[in-house]
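In the working numbering, the protein residues as written are 63 to 174. To start, the structure under review is shown below, and the notes come after it.
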Amino acid sequence: WATSCGPCMAEMPHSKKLRDKFIGNDSIIFMYVSVDTEDNIDAWKSVVKKKDIVGINLIARDGEEERVGERYQLQYIPRFVLIDKNGKVANFKAPNPSEPKAEQLIKQLLAE
């Protein structure tokens, strides 16, 4: 995600609602990786606080945004990825948090 990405910002409230459904479940972690550039760190920190983005928050810095994009074949943001309990990508193009299927897929992974 990025602070300048309208679709990313639109999904954040849905991500919070989805995250809230799993409060208390230590088997799930929400991790947010921003591809904002280093000169946007203050904006990034502000959005994380303002939008209550709780979980692991990372920002790609010093040109790493390009490596993150290459490694995860990001052709667009926001991109949602589900990783199983063994650390393997279970769904590389997971549905947006605003889609009901996102919750279903998370529950399936937790049941495995």
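Don't be surprised by glycine CBs; every beta carbon is placed ideally from N, CA and C.
### Neighbourhood of residue 158 by C-beta, 8 Å cutoff - its chain only, sequence neighbours within 5 removed
Only 73, 76, 140, 142 and 164 meet the Cβ criterion.
### Task
Give me the Cβ distance between residue 92 and residue 117, rounded to the nearest whole Å; I'm assuming they're in contact under 8 Å.
Going by Cβ atoms, the distance from residue 92 to residue 117 rounds to 3 Å, so yes, they are a contact pair.
### Query
Does DSSP put residue 97 in a helix, a strand or coil?
Residue state, collapsed to three classes: coil.
### Task
Please classify residue 98: is it buried, with 16 or more other beta-carbons within 10 angstroms of its beta-carbon, or exposed?
Answer is buried; the Cβ neighbour count reaches 16.
### Task
Quick one: grab the DSSP three-state call for residue 122.
Of the three classes helix, strand and coil, the one that applies to residue 122 here is coil, per DSSP.
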